[in-house]
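Here the structure comes first, spelled out in structure tokens, and everything after it is commentary.
Number of protein chains: 4
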Amino acid sequence: MEARKKKIPVAILGATGVVGQRFVNLLSDHPWFEIAALASSEKRVSHRYGDVCQWHLTDGMPSEAADMVVQSLEPTLSAKIVFSALPSSIARKIEPEFAQAGYLVCSNASAFRQEPDVPLVIPEVNYSHLALIKRQKRERGWKGLIITSPNCTTTGIVMPLKVLDQAFGLRKVFSVSMQAVSGAGYPGLPYSDIEGNVIPYIGGEEEKIELETRLLLGDVQDDKRIESDVMISAQSNRVPVVDGHMSCLSVELEKKPTIEEACRVLAEFSGPSLKQSLPSGPEHPIVVREEKDRPQPRKDCNAGNGMIVSVGRVRPYSILDLRMVTLVHNTLRGAASGAILNAELLVSEGYIN
Amino acid sequence: MEARKKKIPVAILGATGVVGQRFVNLLSDHPWFEIAALASSEKRVSHRYGDVCQWHLTDGMPSEAADMVVQSLEPTLSAKIVFSALPSSIARKIEPEFAQAGYLVCSNASAFRQEPDVPLVIPEVNYSHLALIKRQKRERGWKGLIITSPNCTTTGIVMPLKVLDQAFGLRKVFSVSMQAVSGAGYPGLPYSDIEGNVIPYIGGEEEKIELETRLLLGDVQDDKRIESDVMISAQSNRVPVVDGHMSCLSVELEKKPTIEEACRVLAEFSGPSLKQSLPSGPEHPIVVREEKDRPQPRKDCNAGNGMIVSVGRVRPYSILDLRMVTLVHNTLRGAASGAILNAELLVSEGYIN
Amino acid sequence: MEARKKKIPVAILGATGVVGQRFVNLLSDHPWFEIAALASSEKRVSHRYGDVCQWHLTDGMPSEAADMVVQSLEPTLSAKIVFSALPSSIARKIEPEFAQAGYLVCSNASAFRQEPDVPLVIPEVNYSHLALIKRQKRERGWKGLIITSPNCTTTGIVMPLKVLDQAFGLRKVFSVSMQAVSGAGYPGLPYSDIEGNVIPYIGGEEEKIELETRLLLGDVQDDKRIESDVMISAQSNRVPVVDGHMSCLSVELEKKPTIEEACRVLAEFSGPSLKQSLPSGPEHPIVVREEKDRPQPRKDCNAGNGMIVSVGRVRPYSILDLRMVTLVHNTLRGAASGAILNAELLVSEGYIN
Amino acid sequence: MEARKKKIPVAILGATGVVGQRFVNLLSDHPWFEIAALASSEKRVSHRYGDVCQWHLTDGMPSEAADMVVQSLEPTLSAKIVFSALPSSIARKIEPEFAQAGYLVCSNASAFRQEPDVPLVIPEVNYSHLALIKRQKRERGWKGLIITSPNCTTTGIVMPLKVLDQAFGLRKVFSVSMQAVSGAGYPGLPYSDIEGNVIPYIGGEEEKIELETRLLLGDVQDDKRIESDVMISAQSNRVPVVDGHMSCLSVELEKKPTIEEACRVLAEFSGPSLKQSLPSGPEHPIVVREEKDRPQPRKDCNAGNGMIVSVGRVRPYSILDLRMVTLVHNTLRGAASGAILNAELLVSEGYIN
């Protein structure tokens, strides 16, 4: 991947939280982007980032970021793209202000994912939904735009589901997910609640997975989103794992592939051809594991720098057509890296001048 | 529960393993039974139990057991009932020798679960399958008998499935289980494999769950087992939990109950009327939790001294009719206590003279 | 232990916190005491306890407690003894109000532990420090009194140190503790911070251990506390353990006992003779484990209903005289049960009329 | 670090075990060495490494290694240096055969660490002990040699102790270690034993730490090892941590440095000047952390690719002079990387022709 001659200045909203820190880490050495501003809530503004950010990543805080002064969440940052790691309640107010002011907002928040004119995008799955941006700009009068990336668990199952849908026609999906603690942010779950335990409930998660999957597998026609009519049931559990959301899937298909055919289309999938290849996009975003006991979150969630979805145990089903296990790194592909890939898509497709 | 005037002498085969230890613990203070012999493999024979048994339970080893001398696995033990905690490969050879010699063998091993003339029983679910014993004795010429209890995960899901089947007619079941490490015995899984991880495979488990569920929900007619024609799919995962197997179920029913109706029949279930009530049998073997985030293995697996199956998150389903979460204590109701309950059933139904 | 004809009414201050819940659980079936009132901060007042208390113990909430109405933290509760599970900052203001009004305050908070006229007591170690109460009442003009129980880690090491001090003269102690997460209350440490990790720092803990040990091993003469001149160094670590604080001790003694002598005095220790034996006090408050790898927190912290301190690996030392490992249940003997034992001591010694 | 024009062929003995795998991983991209042979016990010989090695590292198995054919543990391997990851009982027989045949054996086993003519070396601490090799070759008549690296826990404490000894004169050391599960190899500890627990005993560990520390801090004079007369006491605990051994140290010194002086000499330490700088050797092998709650195993054990020992909480002591916490990556600096550093030392010092 060739680095750009002049990098595009970007800003991070909510830079001191866990997802914000992931953005800082990932963008501190990005071939196209350079961090021009870090913004956070009022009490941290005007302080040195290294002084007010309690760093949680194993990799140390990048020294250039540590020395930056935190700015406020106002659309006066010297950047073209802003990555939003804001809580949804705050995102709902702040992100439109940035879009209005001309920024390209790549959001990891759920605030606007279901708006009819805001694209919810995984480049390999539905980049054509960018077409909604025209309507968004027209109706809202924004100089900039908002694009969102999906819920972390959804990301891990939609990628293989898309491939199966294209190849064989997807009818029904049963998903039971076992989700890592990092999905709850920081401080997240107390040790005393989740250690040696499973909690069979994550607030709002099942609804998000079901709806977002239908949106991502759906179409955009005449500026309108058309949900896929796939039937999907999601059950979510929290398990004592640090990173990596795993899902057990059962799917019913229109055509009945052999296991070999299913594995082949999954492994060969490479997403659509874009005008320019994306630095964070793996050549094959899905890897199919052949071992009987993989993928496993601790061993496999970092595949492809956390950008590759691992699929394993593809096997026939007594009731439906296929069963399989999927794994995604929930704070990389499922959060910060996913939003960065969307920003790269915008650049590739000419949304930045 | 009235204690018997004179307790029935029982023996434990495989008394030094983890399930064997559970038997020792549970039987050391049982109202009907008293431990008369502890048997194990040759190298431990003639040693004091307390000296050759590496005790793993949090409750200390009962002192009377500690002082017993370990006997060999031969059918010369001074007992009427033997509880088998043997590995299946050894059980296949040893259990028939005891049945031949007149012992009532209550087995926790999988060796004979699928034999056409050996009852696989949960008293509350299918005690009428005891009818197979007549055929077993007739065809094999045994003075004693073998009765088996099911796989631990199966036990946790079959109890509520039976209730739903009786009330509403069960058609299809999708089960995804998250199983505790104690299910793998001792030493079981290395810390370095399962800590902070999920392993999406347990050898042979899914096949057992699918087959045993059909057997337990099936009938016995004219000395023959008739499998239920319910369609079931099982996916098994190992999670870093000490005790307690949890399953996420999705079920399709013939009649369509409301959530309230489904919860009511589950909570009110009390099993069949027997000639004598069983000391280890809870009045209501299923509890329905109303909190949105229960049951949880660490908090709930000991319900009813580990004999009650907890059901939670009963809720409607976009595709099938009901979704729910079930939890069973895998080494109590799902292993040692389940076999003891079967022995109590044999006594209650007059199989011992 | 004979139950009293008429139980003494007691109240719990801070009843909804983790230690408060332990008090509720332990006092719901106490032979001398009965819970007459539960008090908490304003926002919970007038609500049903079961509705505003997020219960964290594995044992379920006692139903009588669940139905009580939470009262405010004012000295108008219909009780004679109050158990304080308040945070220290609040305890500092509230506890004197109760003492002033005539209540016997048995506090688990650190607020008054170091006051010159407030006894810091473990009945088996220094019950004679109750003598300070006379001065307390005289100088403060209180109708009631405050008595405190020590820091959880201190409790675990002082018990064996006291025995060694009496028998052999204690000169120096090096303590390195590995402390359970429950010591930090609820929510306590995030899973993502402590899982698979050790944190070599607990704020204020080392100072408390060093000072409280000198106080507990010291004397009271002429209404004055005289600190022991034992030299002690404490290093504290947080480890991923649910309950049970373990300490590695190295001690220098004036007389040089053999290992057998040291083990014997530890195991035979039974505390002082009191006017009446205390229901929560074990006959032998220390157990000496002979296995080379015990005590272990998960297996041994419940010894004697969590009231017995386990000591193991007593062995000679290349530099000092003895090394050993001690274990205490930090929320039972080291917190709620310790304060209850102090209340029993007050009753036994006639401080209640 | 310049790569050598022609890499030195090396072999790994015990290549399929956990430490063996670390060697494979580290040597697959080493600037001076290239893997020429992988050797293991008979049953794996003649098989493809990738087929008989159950890989445990998160980094995948290097593909070149996967395709190598496993050779037997006989001194006919086409290599100059052999790295031994053999169990000590086997190392005792095999390693001399290789030394006899002319190989430079860099051993991670404890078999020969205490032999009077076998150097036990950490390059930064006591590289001058290489002088023993002359005696070793003379007395044993070996064409090759054996050099050993110390026990993993010892490595983590000796490095800072050496610095303090040189600067201020070391008299006494109290060490309490909290050691990771990976130190026990694979399968190592069962999850059910160590999860949420601490085991206060590791067989043979305390004796090794005490003896090896005295050897490493000692001298070699006239071909003889002279143990340091520092007094050291070691207590070892196993904690539920994946990688990283932490130790709480208390030390008595002859000169009494300020905390600042002690921190400065630790942080500035860079080891001796060698003929050639070693590729695996960090410029500063000790880092001093200033945060009050660091180092922590999960966050800090990978410092300097696992080659840097982290020291924190340097603080004064009520009894002795200094307290501090040290952390070492037990399978890198404390095992495989330590042995590789020794091999680099041999090359640098001209032991290979």
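Chains as they are written, first to last, in my numbering: chain B, 11 to 363; chain Y, 11 to 363; chain W, 11 to 363; chain D, 11 to 363.
Virtual Cβ for every residue (Gly too), placed ideally from N, Cα, C.
Inset, instruction - Kindly indicate which residue of G206/D, E217/D and Y196/D has the alpha-carbon position closest to the one of V186/D. - result: Taking the fourth sequence and counting its residues from 1, one reaches residue 186/D at position 176. Here the closest residue by C-alpha is E217/D.
Legend entry - Euclidean distance between Cα positions of M241/B and S202/Y: For the purposes of this step, residue 241/B is identified with residue 231 of the first sequence, where counting begins at 1. For the purposes of this step, residue 202/Y is identified with residue 192 of the second sequence, where counting begins at 1. If you take the alpha carbons of M241/B and S202/Y, they lie about 39 angstroms apart.
Legend entry - Which listed residue (V28/Y, L288/Y, G344/Y and P126/Y) has its alpha carbon closest to that of T68/Y: Mapped onto the second sequence, residue 68/Y falls at position 58. Of all alpha-carbon atoms in V28/Y, L288/Y, G344/Y and P126/Y, the one lying nearest the alpha-carbon of T68/Y is that of V28/Y.
Inset, instruction - Taking the CB atoms as reference points, tell me whether G193/B and R248/B lie closer together than 9 angstroms. - result: Indexing the first sequence from 1 puts residue 193/B at position 183. Indexing the first sequence from 1 puts residue 248/B at position 238. Contact: yes.
Legend entry - Euclidean distance between Cα positions of P292/W and E278/W: Indexing the third sequence from 1 puts residue 292/W at position 282. Indexing the third sequence from 1 puts residue 278/W at position 268. Each residue's Cα considered, the two are about 12 angstroms apart.
Inset, instruction - To the nearest angstrom, report how far apart S257/B and S117/D are at their CA atoms. - result: What you label residue 257/B is simply residue 247 of the first sequence in a count that begins at 1. What you label residue 117/D is simply residue 107 of the fourth sequence in a count that begins at 1. Each residue's Cα considered, the two are about 44 angstroms apart.
Inset, instruction - For N312/B, decide whether its Cβ has a neighbour in chain D, counting only Cβ atoms nearer than 9 angstroms. - result: Working through the first sequence from its first residue, we reach residue 312/B at position 302. Taking 9 angstroms as the threshold, the shortest C-beta distance from N312/B to chain D falls below it.
Inset, instruction - Mark I362/Y as exposed unless 16 or more other C-beta atoms lie within 10 angstroms of its C-beta, in which case mark it buried. - result: By 1-based counting over the second sequence, the position of residue 362/Y is 352. Exposed: under 16 other Cβ atoms inside 10 Å.
Inset, instruction - Note down, in chain order, every chain D residue with its Cβ under 8 angstroms from the Cβ of E205/B. - result: Residue mapping note: residue 205/B aligns to position 195 of the first sequence, counting from 1. Per Cβ cutoff of 8 angstroms: G206.
Legend entry - Rounded Cβ spacing between V208/D and V251/W (contact assumed at less than 8 angstroms): As a first step, residue 208/D is located in the fourth sequence; it is residue number 198 there, counting from the start. As a first step, residue 251/W is located in the third sequence; it is residue number 241 there, counting from the start. At roughly 6 angstroms, the Cβ-Cβ gap stays under 8 angstroms, so V208/D and V251/W are in contact.
Legend entry - Minimum Cβ-Cβ distance from S246/W to chain B less than 9 angstroms: As a first step, residue 246/W is located in the third sequence; it is residue number 236 there, counting from the start. By this cut-off, S246/W is not an interface position.
Inset, instruction - Please go through the same chain and pick out, in chain order, the residues whose beta-carbon is closer than 8 angstroms to the beta-carbon of K90/D, but skip the five residues on each side of it. - result: Looking up residue 90/D in the fourth sequence gives position 80. So the qualifying residues of the chain are I18, P19, V20, Y113, L114 and I362.
Legend entry - Identity of the residues DSSP links to T158/Y by a beta bridge: As a working mapping, residue 158/Y is identified with position 148 in the second sequence. T158/Y pairs with S117/Y and L130/Y.
Legend entry - Under 9 angstroms from the C-beta of L199/B: neighbouring residues of chain W: What you label residue 199/B is simply residue 189 of the first sequence in a count that begins at 1. Within chain W, the residues whose beta carbon sits less than 9 angstroms from that of L199/B are P197, P200, Y201 and S202, listed in sequence order.
Legend entry - Cβ contact check for the segment 149-158 of chain W and the segment 49-67 of chain W: 3 or more pairs under 8 angstroms: Using a C-beta cut-off of 8 angstroms, the segment 149-158 of chain W makes no contact with the segment 49-67 of chain W, since fewer than three inter-stretch Cβ pairs fall below that distance.
Inset, instruction - With a threshold of 16 other CB atoms inside 10 Å of the CB of S82/Y, please say whether the residue is buried or exposed. - result: Walking along the second sequence from the start, residue 82/Y turns up at place 72. Here S82/Y is exposed. Its C-beta has fewer than 16 other C-beta atoms within 10 Å.
Legend entry - Complete alpha helix (DSSP H) runs within the segment 37-93 of chain W (minimum length 4 residues, chain order): Taking only runs of at least 4 residues, the alpha helix (DSSP H) segments lying wholly in the segment 37-93 of chain W are 59-62 and 73-76.
Inset, instruction - Note down, in chain order, each residue of its chain lying with its Cβ closer than 8 angstroms to the Cβ of R235/B, except the 5 sequence neighbours on either side. - result: Stepping through the first sequence from its first residue, residue 235/B is reached at position 225. Excluding the 5 residues flanking it on each side, R235/B has same chain C-beta neighbours closer than 8 angstroms at P126, H139, L142, L225, G228 and D229, in chain order.
Legend entry - Beta carbon of I318/D nearer than 9 angstroms to that of H294/D: As a working note, residue 318/D is residue 308 in the fourth sequence. As a working note, residue 294/D is residue 284 in the fourth sequence. Yes, the Cβ-Cβ distance between I318/D and H294/D is below 9 angstroms.
Inset, instruction - Output the distance between the C-alpha atoms of L342/D and K309/B, rounded to the nearest integer angstrom. - result: On the fourth sequence, position 332 is the one that residue 342/D refers to. On the first sequence, position 299 is the one that residue 309/B refers to. Going by C-alpha positions, L342/D is about 19 angstroms away from K309/B.
Legend entry - DSSP-derived helix/strand/coil call for S290/D: Counted from its first residue, the fourth sequence places residue 290/D at position 280. Correct three-state label for S290/D: coil.
Inset, instruction - Measuring only between beta-carbons, confirm whether A21/W sits less than 9 angstroms from chain Y. - result: Counted from its first residue, the third sequence places residue 21/W at position 11. For A21/W, the answer is no, since every Cβ of chain Y falls outside 9 angstroms of its Cβ.
Inset, instruction - Would you tell me roughly how many angstroms separate the C-alpha atoms of S120/B and L37/B, rounded to the nearest one? - result: One-based indexing of the first sequence puts residue 120/B at position 110. One-based indexing of the first sequence puts residue 37/B at position 27. Each residue's alpha carbon lies about 22 angstroms from the other.
Legend entry - As assigned by DSSP and simplified to three states, the class of F122/B: Indexing the first sequence from 1 puts residue 122/B at position 112. Coil, per DSSP.
Inset, instruction - Can you grab the Cα-Cα spacing for the pair I132/Y / G24/D, in whole Å? - result: Here residue 132/Y corresponds to residue number 122 of the second sequence, with the count starting at 1. Here residue 24/D corresponds to residue number 14 of the fourth sequence, with the count starting at 1. Those two C-alpha atoms are separated by around 50 angstroms.
Legend entry - 6 angstroms Cβ shell around P85/B - same chain, five flanking residues per side excluded: Along the first sequence, read from residue 1 onward, the residue named residue 85/B stands at position 75. Excluding residues within five positions, the ones whose Cβ falls inside 6 angstroms are E107, F108 and A111.
Inset, instruction - Helix, strand or coil for N312/W, going by three-state DSSP, please let me know. - result: The count along the third sequence starts at 1 and reaches residue 312/W at position 302. Looking at N312/W - three-state DSSP - the assignment turns out to be coil, as it is neither helix nor strand.
Inset, instruction - Report yes if the C-beta distance between K172/B and E222/B is below 9 angstroms; otherwise report no. - result: Locating residue 172/B in the first sequence gives position 162, counting from the first residue. Locating residue 222/B in the first sequence gives position 212, counting from the first residue. No, they are not a contact pair.
Inset, instruction - Locate the alpha helix (DSSP H) running through E278/W, then write down its first and last residues. - result: Here the question's residue 278/W lines up with position 268 in the third sequence. Secondary structure note for E278/W: its alpha helix (DSSP H) is the uninterrupted segment I269 to E278.
Legend entry - Cross-chain neighbours of K309/B in chain D, by beta carbon under 8 angstroms: To locate residue 309/B, count along the first sequence from 1; it is residue 299. Annotation: Cβ neighbours of K309/B in chain D (cutoff 8 angstroms, chain order): T68.
Legend entry - C-alpha distance - S243/W paired with P160/B, whole-angstrom precision: As a first step, residue 243/W is located in the third sequence; it is residue number 233 there, counting from the start. As a first step, residue 160/B is located in the first sequence; it is residue number 150 there, counting from the start. Taking the straight line from one Cα to the other gives about 53 angstroms.
Inset, instruction - Assuming W42/B and E359/B form a contact by the criterion Cβ under 8 angstroms, report the distance between their Cβ atoms to the nearest whole angstrom. - result: For the purposes of this step, residue 42/B is taken as residue 32 along the first sequence, with counting starting at 1. For the purposes of this step, residue 359/B is taken as residue 349 along the first sequence, with counting starting at 1. No, W42/B and E359/B are not in contact; Cβ-Cβ is about 13 angstroms, not under 8 angstroms.
Legend entry - Same chain, Cβ closer than 7 angstroms to I1/W, five either side skipped, listed in chain order: Any property of residue 1/W remains undetermined from this structure, which presents chain W solely from 11 to 363.
Inset, instruction - Under 8 angstroms by Cβ, that's how I've got T163/Y and E215/Y pegged, so tell me the actual separation to the nearest angstrom. - result: For the purposes of this step, residue 163/Y is taken as residue 153 along the second sequence, with counting starting at 1. For the purposes of this step, residue 215/Y is taken as residue 205 along the second sequence, with counting starting at 1. Between E215/Y and T163/Y the Cβ distance is about 7 angstroms, and since that is below 8 angstroms, they are a contact.
Legend entry - Neighbour list for P250/D in chain Y, Cβ cutoff strictly below 9 angstroms: In the fourth sequence, counting from the first residue as 1, residue 250/D sits at position 240. By Cβ distance, chain Y contributes Y201 and E205.
Inset, instruction - Can you say whether V79/Y is buried or exposed, counting buried as having 16 or more other CB atoms within 10 angstroms of its CB? - result: Mapped onto the second sequence, residue 79/Y falls at position 69. Flag for V79/Y reads exposed.
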